[in-house]
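Q:
2 protein chains.
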Amino acid sequence: MNDKMQQLKERLRVINDLNSAAAVLHWDQATQMPVGGEAARARQLATLSRLAHEHFVDPAIGQLLDALQPEWEEAPPTEDDGALYRYVRREYERAIRVPAEYTERAAAHSTAAFSVWAAARPQDDFAAVQPYLEQSLQLSREYAHYFPGYDHIADPLISRAEEGMTAAEIRAIFAELRRALVPLVQRIQAAAPVDNSCLFGDFPREKQYAFAREICTAFGYDFSRGRLDETHHPFAIRFAHGDVRITTRGRDDHLGDAFFATLHEAGHAMYEQGVAEALDGLPTAHGTSSGVHESQSRGWENLVGRSLAFWEWQYPRLQECFPDLAAIPLAQFYAAINKVEPSLIRVAADEVTYNLHVMLRFDLELALLEGELSIAELPAAWNARYESDLGITPADYRDGVMQDVHWYGIGIGGLFQGYTLGNLMSAQIHAAATRAHPEIPDEIRRGEYGTLHEWLRANIYTHGAKFTPKELLQRVTGEDLRVAPLVAYLQQKFGAIYGLSG
Amino acid sequence: MNDKMQQLKERLRVINDLNSAAAVLHWDQATQMPVGGEAARARQLATLSRLAHEHFVDPAIGQLLDALQPEWEEAPPTEDDGALYRYVRREYERAIRVPAEYTERAAAHSTAAFSVWAAARPQDDFAAVQPYLEQSLQLSREYAHYFPGYDHIADPLISRAEEGMTAAEIRAIFAELRRALVPLVQRIQAAAPVDNSCLFGDFPREKQYAFAREICTAFGYDFSRGRLDETHHPFAIRFAHGDVRITTRGRDDHLGDAFFATLHEAGHAMYEQGVAEALDGLPTAHGTSSGVHESQSRGWENLVGRSLAFWEWQYPRLQECFPDLAAIPLAQFYAAINKVEPSLIRVAADEVTYNLHVMLRFDLELALLEGELSIAELPAAWNARYESDLGITPADYRDGVMQDVHWYGIGIGGLFQGYTLGNLMSAQIHAAATRAHPEIPDEIRRGEYGTLHEWLRANIYTHGAKFTPKELLQRVTGEDLRVAPLVAYLQQKFGAIYGLSG
Numbered sequence: 008m009n010d011k012m013q014q015l016k017e018r019l020r021v022i023n024d025l026n027s028a029a030a031v032l033h034w035d036q037a038t039q040m041p042v043g044g045e046a047a048r049a050r051q052l053a054t055l056s057r058l059a060h061e062h063f064v065d066p067a068i069g070q071l072l073d074a075l076q077p078e079w080e081e082a083p084p085t086e087d088d089g090a091l092y093r094y095v096r097r098e099y100e101r102a103i104r105v106p107a108e109y110t111e112r113a114a115a116h117s118t119a120a121f122s123v124w125a126a127a128r129p130q131d132d133f134a135a136v137q138p139y140l141e142q143s144l145q146l147s148r149e150y151a152h153y154f155p156g157y158d159h160i161a162d163p164l165i166s167r168a169e170e171g172m173t174a175a176e177i178r179a180i181f182a183e184l185r186r187a188l189v190p191l192v193q194r195i196q197a198a199a200p201v202d203n204s205c206l207f208g209d210f211p212r213e214k215q216y217a218f219a220r221e222i223c224t225a226f227g228y229d230f231s232r233g234r235l236d237e238t239h240h241p242f243a244i245r246f247a248h249g250d251v252r253i254t255t256r257g258r259d260d261h262l263g264d265a266f267f268a269t270l271h272e273a274g275h276a277m278y279e280q281g282v283a284e285a286l287d288g289l290p291t292a293h294g295t296s297s298g299v300h301e302s303q304s305r306g307w308e309n310l311v312g313r314s315l316a317f318w319e320w321q322y323p324r325l326q327e328c329f330p331d332l333a334a335i336p337l338a339q340f341y342a343a344i345n346k347v348e349p350s351l352i353r354v355a356a357d358e359v360t361y362n363l364h365v366m367l368r369f370d371l372e373l374a375l376l377e378g379e380l381s382i383a384e385l386p387a388a389w390n391a392r393y394e395s396d397l398g399i400t401p402a403d404y405r406d407g408v409m410q411d412v413h414w415y416g417i418g419i420g421g422l423f424q425g426y427t428l429g430n431l432m433s434a435q436i437h438a439a440a441t442r443a444h445p446e447i448p449d450e451i452r453r454g455e456y457g458t459l460h461e462w463l464r465a466n467i468y469t470h471g472a473k474f475t476p477k478e479l480l481q482r483v484t485g486e487d488l489r490v491a492p493l494v495a496y497l498q499q500k501f502g503a504i505y506g507l508s509g
Numbered sequence: 008m009n010d011k012m013q014q015l016k017e018r019l020r021v022i023n024d025l026n027s028a029a030a031v032l033h034w035d036q037a038t039q040m041p042v043g044g045e046a047a048r049a050r051q052l053a054t055l056s057r058l059a060h061e062h063f064v065d066p067a068i069g070q071l072l073d074a075l076q077p078e079w080e081e082a083p084p085t086e087d088d089g090a091l092y093r094y095v096r097r098e099y100e101r102a103i104r105v106p107a108e109y110t111e112r113a114a115a116h117s118t119a120a121f122s123v124w125a126a127a128r129p130q131d132d133f134a135a136v137q138p139y140l141e142q143s144l145q146l147s148r149e150y151a152h153y154f155p156g157y158d159h160i161a162d163p164l165i166s167r168a169e170e171g172m173t174a175a176e177i178r179a180i181f182a183e184l185r186r187a188l189v190p191l192v193q194r195i196q197a198a199a200p201v202d203n204s205c206l207f208g209d210f211p212r213e214k215q216y217a218f219a220r221e222i223c224t225a226f227g228y229d230f231s232r233g234r235l236d237e238t239h240h241p242f243a244i245r246f247a248h249g250d251v252r253i254t255t256r257g258r259d260d261h262l263g264d265a266f267f268a269t270l271h272e273a274g275h276a277m278y279e280q281g282v283a284e285a286l287d288g289l290p291t292a293h294g295t296s297s298g299v300h301e302s303q304s305r306g307w308e309n310l311v312g313r314s315l316a317f318w319e320w321q322y323p324r325l326q327e328c329f330p331d332l333a334a335i336p337l338a339q340f341y342a343a344i345n346k347v348e349p350s351l352i353r354v355a356a357d358e359v360t361y362n363l364h365v366m367l368r369f370d371l372e373l374a375l376l377e378g379e380l381s382i383a384e385l386p387a388a389w390n391a392r393y394e395s396d397l398g399i400t401p402a403d404y405r406d407g408v409m410q411d412v413h414w415y416g417i418g419i420g421g422l423f424q425g426y427t428l429g430n431l432m433s434a435q436i437h438a439a440a441t442r443a444h445p446e447i448p449d450e451i452r453r454g455e456y457g458t459l460h461e462w463l464r465a466n467i468y469t470h471g472a473k474f475t476p477k478e479l480l481q482r483v484t485g486e487d488l489r490v491a492p493l494v495a496y497l498q499q500k501f502g503a504i505y506g507l508s509g
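Quick mapping for you: the protein sequence lines, in order, are chains W and L. Going letter by letter, the first sequence gives residues 8 to 509 in the numbering used here. Going letter by letter, the second sequence gives residues 8 to 509 in the numbering used here.
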C-alpha cells in the first residue's frame, strides 16, 4: 500500500515540476523577458500546461487512488498522506470531468479576450469586449454543467477557489457584512475628512522598496528563499519551498503601493514559504484557497502594516528615509494612510470601502450566471451598484466595468469572493492569534513580529492545502466564518480615526 | 506524406518547448534565483530533461521517420524539411542507442563530479577529484561502445559536438597548426614585449558593459529579442527566435572581459538570432556545431573586436568613456589588447597562444580514451605539455589540470576541439566574406558592420543546423577546413604588432 503511495507521489512530483517550470516562465515573462519572446513563451507555457494536465488525468492516477481508497479514507498512516490522498482524489475527480477539448477552448478564449480587453480598455470601448464577455459567460455555464447536482450554478466555479463554499452561504455572509458597512461608510463621510496630502511629495520608489524590504524581512519573509522585482501588476509566486518570489510597483511622487503592495505580496509569500518543507513537490504544498491567501496578504498589509501599533515603532524610521515627513505628526500620517473615501477603483480602495467593491462584483457574477442579468445590461447594473453602495458613478467603462482583468483574462464566476472572505478571515485569525498571545500588540509596538509570524506559521502556513478553508478556520479559530470580528475591527479602528461616537 | 511530416513536427515542437523551458530555468538559476532555490531547481531540470528525452526516443518518432524515409531521403519537397528529416534521423538513431539507464547514471555522476571539483579546486586537491575523473573516463568509454565501428574511440564523442568530424582528421589539422604556432610564439617572445599596463586602472565594469551594449547593437545583436546580464561565467542561451540572451562578467580595474566577453557572447547570440524564423521550434533551429558557433563568437570578438580597423573608429569613443585612456595612443592600446604572453589560463589567453591551450587538452583527451594515459598520470602529462608548448609549468593543480570545468562538469572526450576548429573556421569565413565584399574592412573602419553581419546571416546563421559543419564550410567558403588562413592572419596581425620580419 505504501508502495502505491510512493508511486502516486512520484507521478505528482513530475506534475509539480512541470507546473513549477511554468511558474518560472510566467515570472520571467513578467519581469525579464524581452518583447520578442512573447510568441514562443505562450507556446512553451501552453505545452507545459497541457503536459501537466495530461499527466494528471492519466488513468494510472485514478487506479492508484482506487487502490489506496479502502484503508486511506478511514485511517491514513500519517496526517500528511491522508490529506494528500483527499486533496488529490478531489482534484482528480474535478479534472477528469472536464473534457480536454473544453479546457483548450476556454484557454484560447481567455487569451483572446485578454488581448481584446487590453487594447479596448484605453479606448473605453465596451462594445469591443461585449461579445467576448458573452462567450466567457457561456463557457462558465458550460463548465458548471460538467458538475451536475449543484445548488447554484456558481458553486462549481466558486469551489475551484474556495473548496467547500457555496454561493448561498457567501451571499448570506456578504449581505450581513454589507448591512454593517454601508452605514459605517455613511457615518465616516459625514465626519470631518482626513487630509492625506502628506503622502504626495518626494517619495522615490526605490527608497520605498528599500524600506519595504526591511519591513518584509522583519515580518519574516526570507530573502534567501525569494526576491523582489518590479512589475506592472504586483504578484507573489511559488516555485518551491526554497524559492517564493514577490513583485511590486510604485510611484515616485506618492507613498503608497511601493510600500503597501510590497507588504501585501510578502504576506502571500510568507504563507508559501511557511508550508512544511516535507510537502515540497506535492500538490498540497501551497496555500489552501484564495480567501485564506488574502487573509495573509491583507492581514500583514492592513491589520499589521496600517495599524497604529506598527507605526508607533516604524514611523520615526520612515521619517528618517523621507524628509518630507519630518514635520508630519504620527497621528496625521496614520490617518492619511487610512483615509476612507468612496472611489471607483477596487485595488486603490481603503479597508472600509474595499469590500463593497468586491461584493458588488460577486453579486453581478451571480446574476449573470443565473441569467438574471445580460452582458448588455452589465455596465448599467455596475454603475447602479456603485451609486447605491458607494454614492458615486463611473464616468466611463475604463474605470467602471472594464476595470479589473479577471472577467477578461480568466472568465466569469468564482473570481472575486476570496478578497472579502480573506478580509473576514484575517480579522478572525488575528483575534485568535492575540487570544493565544496577548503580547502580540505590544511586540508590534516594539517592532517585533516573531510571535505573530511563528503562530501563523505553525497554525496556518505549515499545513499548505492539507485542510479546506473551512476546516482550517475551525482548527485555527474554533469558529466558522463570521462577520462580527471584521466589523468590530473596522468600527473600532475607523471610529477612532474619524472620531465617531461608539 | 506531408501529414506524417506535420505529425513529426508537432512532436518535435513539444520536445523543443520542454528544452526551451529548461533553458529558461538554467538562465534563471545563473542570473536570478535565490540560493534557497537550488535543490528544487535541480529536480525541475532533471524532470524536464527526462521528459524531453522520453518524448524523443518514443517509437512513434521512429515510425514517422520510417514512413517518411523512402521519398524524403532522395527528394525532399523543401530544403528545410529535407534537412530536418536528415537531422532528426541522425539524432534519433544516436539517442536510441544509449540506454536511459546510462544517461541517468552519467547525469548523476556529472552532477556529483562537478560538486566535488567546485569544492576541491580552491583546496588544490587533485586526490579528491581523481576517482571522479576515473569514473568519467569509464563512462566515456562506455558511451563510445554504444557506437561500434568507430575508427577512434573518441569519434562518437566528437561527433556529438561536430557531426562528421573524426579524431584522425582533427589530430592531423591540429598537428599542422601546432607546427606553425609554436615557432610564432617563440618569435614573439624574442621580440620587444608589449606594455599592456594601460588596461589596468579605473574601468568601472558598468561603463564597459554600456559601451559593449552599443557595440553589440551596432554589430547586429537585437536587444528587443535578447538581454544582457551579469553572471559568474558568461554564456549565450537561446529560448526561441525572439529570445536569445547573453551574460557577461568583468572587473572594475581592468578593461577586458567586461567588454570582450560581451562581444564574444553576442557573437554566439547573433548566430542564434539569425536562424530563419521559419525553423523556430524545430530541432534544426540552432547553430550547427560547437566549432561553427565559436567561429562566430571569436570572429566578432577577435577578428572584428580586436582589429585595428575596428578601433580606428571606436577608440576615440572609448577614450570619451574612460579618461584613463585619454593620453594613450591608439597604437599602444591596440598592442595592449593583443599582447601575446604564454600563460596558464585558457580563457584569458591571447589569440596566438589560445589554440595551444586547446590542442593540448584535445591530445590529452585522446590519450586518456586510448588508454595511453591514466588519470593518475594526467597532472604530470598536463604540466609537461605546458612546458613544451608554452614554456611554463603550473605551480598547482588549480591553475593546471583542475582549471576548466569541462572534464568535471560534463565528462571526458570531444569537449575542447570546437574552440580551435572555430578559430580555424573564423579565419576562412572572414576571408570568404571579404572576397565577396571587399568593402568590409573599410566599413569596419567607419564603424559599420551591416555588410558583414548580413553576409554571415544569409550564408551561415539562417541555416541553423540544416547542414553539418563540413557541409556548411564548403557552402560558405568553397573549401574544406584549412590551417593556412588562420596562420596567415595571425602571422600578419602579430607580425605587425611585434615588428617581426616577414
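Idealized CB from N, CA, C, for every residue including glycine. The structure presented is a predicted model; accordingly, all values stated were derived computationally and were not measured.
Output yes if chain W places a C-beta closer than 9 Å to the C-beta of L/His248; else output no.
A: Yes, its Cβ sits closer than 9 Å to a Cβ of chain W.
Q: Given L/Phe154, which residues of its chain have a CB within under 7 Å of its CB, disregarding the five upstream and five downstream residues?
A: Closer than 7 Å at the Cβ level, and outside the excluded window around L/Phe154, lie Arg104, Pro163.
Q: May I ask you to verify whether the stretch 108-125 of chain L touches the stretch 373-388 of chain L, counting CB pairs closer than 8 Å and requiring at least 3?
A: Taking 8 Å as the limit for Cβ pairs, the verdict is that the stretch 373-388 of chain L does not touch the stretch 108-125 of chain L.
Q: Kindly provide the ranges of any alpha helix (DSSP H) runs that are 4 or more residues long and lie completely inside the stretch 100-167 of chain W, ordered along the chain.
A: The qualifying runs are 107-130, 133-152.
Q: Got a sec: is the Cβ-Cβ distance from L/Arg220 to anything in chain W below 9 Å?
A: Answer no: the Cβ-Cβ gap between L/Arg220 and chain W never drops below 9 Å.
Q: Please identify the residue among L/Val483, L/Ile352, L/Leu140 whose C-alpha is closest to the C-alpha of L/Leu397.
A: Of the listed residues, the one whose Cα sits closest to L/Leu397 is L/Ile352.
Q: State the CB to CB distance for the pair L/Asp87 and L/Leu286, rounded to an integer number of angstroms; the pair is presumed to be in contact (CB under 8 Å).
A: Indeed they touch by this definition, with Cβ atoms about 7 Å apart.
Q: Looking only at C-alpha atoms, which of W/Glu478, W/Gln410, W/Arg232, W/Asn430 sits nearest to L/Gln39?
A: Checking every option, the nearest Cα to that of L/Gln39 belongs to W/Arg232.
Q: Helix or strand or just coil, what does DSSP make of L/Leu3?
A: Outside the shown range of chain L (8 to 509) lies residue 3 of chain L, about which nothing can therefore be said.
Q: What are the uninterrupted segments assigned as alpha helix (DSSP H) that are 4 or more residues long and contained completely in the stretch 444-492 of chain L, given in chain order?
A: Qualifying alpha helix (DSSP H) stretches, in chain order: 447-452, 457-466, 476-484.
Q: Which residues mark the beginning and the end of the alpha helix (DSSP H) in which W/Val412 is found?
A: Run containing W/Val412: none; DSSP gives neither H nor E here.
Q: What does the Cβ neighbour count give for L/Pro77, buried or exposed, with the cut at 16 atoms within 10 Å?
A: Exposed is the call here.
Q: Three or more C-beta pairs closer than 8 Å, one from the stretch 234-251 of chain L and one from the stretch 185-205 of chain L: is that the case here?
A: Cβ pair count under 8 Å is below three, so no.
Q: What in chain L is Cβ-close to W/Arg510, meaning under 9 Å?
A: Examination of residue 510 of chain W is not possible in this model, given that chain W is present from 8 through 509 alone.
Q: Just to confirm, is the Cβ distance from L/Ser147 to L/Gly378 under 9 Å?
A: No.
Q: Sorted by chain position, which residues of the same chain lie with C-beta nearer than 8 Å to L/Ala198's C-beta, five sequence neighbours on each side aside?
A: The residues are Tyr505, Gly506, Leu507.
Q: Give a yes or no on whether the minimum CB-CB distance between L/Gln339 and chain W is below 9 Å.
A: For L/Gln339, the answer is no, since every Cβ of chain W falls outside 9 Å of its Cβ.
Q: Taking the DSSP output, what are the residues bridged to L/Ile253?
A: In DSSP, L/Ile253 forms a bridge with L/Leu235, L/Ala243.
Q: Are the Cβ atoms of W/Leu363 and W/Leu262 separated by less than 9 Å?
A: Not in contact: W/Leu363 and W/Leu262 (Cβ atoms no closer than 9 Å).
Q: In chain W, which residues lie with their C-beta within 8 Å of the C-beta of L/Gly288?
A: Going along chain W in sequence order, the residues near L/Gly288 (Cβ under 8 Å) are Ala47, Arg50.
Q: Return the CA-CA distance between L/Tyr322 and L/Cys328, expressed in angstroms with no decimal places.
A: About 10 Å.
Q: For L/Trp462 and L/Asp24, what's the separation of their Cα atoms in angstroms?
A: Their Cα atoms are separated by approximately 30 Å.
Q: Against chain W, does L/Thr224 count as a neighbour if the rule is that its beta carbon must be under 9 Å from one of theirs?
A: Answer no: the Cβ-Cβ gap between L/Thr224 and chain W never drops below 9 Å.
Q: Which stretch, first to last residue, makes up the alpha helix (DSSP H) that contains W/Tyr12?
A: What sits at residue 12 of chain W in the sequence shown is Met, not Tyr. 9-38 is the extent of the alpha helix (DSSP H) around W/Met12.
Q: What whole-angstrom Cβ distance do W/Met172 and W/Pro476 have, given they're in contact under 8 Å?
A: Their Cβ separation, rounded to whole angstroms, is 7 Å, which keeps W/Met172 and W/Pro476 in contact under 8 Å.
Q: What is the C-beta distance between L/Gly257 and L/Ser304, in whole angstroms, given that I count them as a contact (C-beta under 8 Å)?
A: That pair is no contact at about 17 Å.
Q: In the DSSP assignment, find the unbroken alpha helix (DSSP H) run with W/Leu337 in it and report its ends.
A: Start and end: 337-343.
Q: Ends of the alpha helix (DSSP H) at W/Ala183?
A: The sequence given here places Glu at residue 183 of chain W; Ala does not occur at that position. Start and end: 174-197.
Q: For W/Ala28, return the contacting residues in chain L, with the cut-off set at a CB-CB distance below 9 Å.
A: Result: Leu25, Ala28, Ala29, Val31, Leu32, Gln51, Leu52, Thr54, Leu55.
Q: For W/Asp202, count the other beta carbons within 10 Å of its own beta carbon; 16 or more makes it buried, fewer makes it exposed. Which is it?
A: Result: exposed.
Q: Would you tell me roughly how many angstroms separate the C-alpha atoms of W/Glu394 and W/Val412, rounded to the nearest one?
A: Distance between the alpha carbons of W/Glu394 and W/Val412 is about 22 Å.
Q: Near L/Ala49, which residues of its chain fall below 8 Å by C-beta distance, leaving aside the five closest residues on each side in sequence?
A: Counting only Cβ-Cβ distances below 8 Å, and skipping sequence neighbours, we find Thr118.
Q: Does the CB of W/Asp202 have a neighbour CB from chain L at under 9 Å?
A: So, not an interface residue.
Q: Kindly list the residues whose CB is nearer than 6 Å to the CB of L/Thr458, restricted to its own chain and excluding five residues on each side of it in sequence; keep chain order.
A: Same-chain partners within the cutoff: His444, Ile447, Glu450.
Q: In the structure shown, what three-state DSSP assignment does W/Phe207 receive?
A: In this structure, W/Phe207 counts as strand in the three-state DSSP scheme.
Q: Taking all protein chains shown into account, do 16 or more other C-beta atoms lie within 10 angstroms of the C-beta of L/Asn9, making it buried, or fewer, making it exposed?
A: By the 10 Å Cβ count, L/Asn9 comes out exposed.
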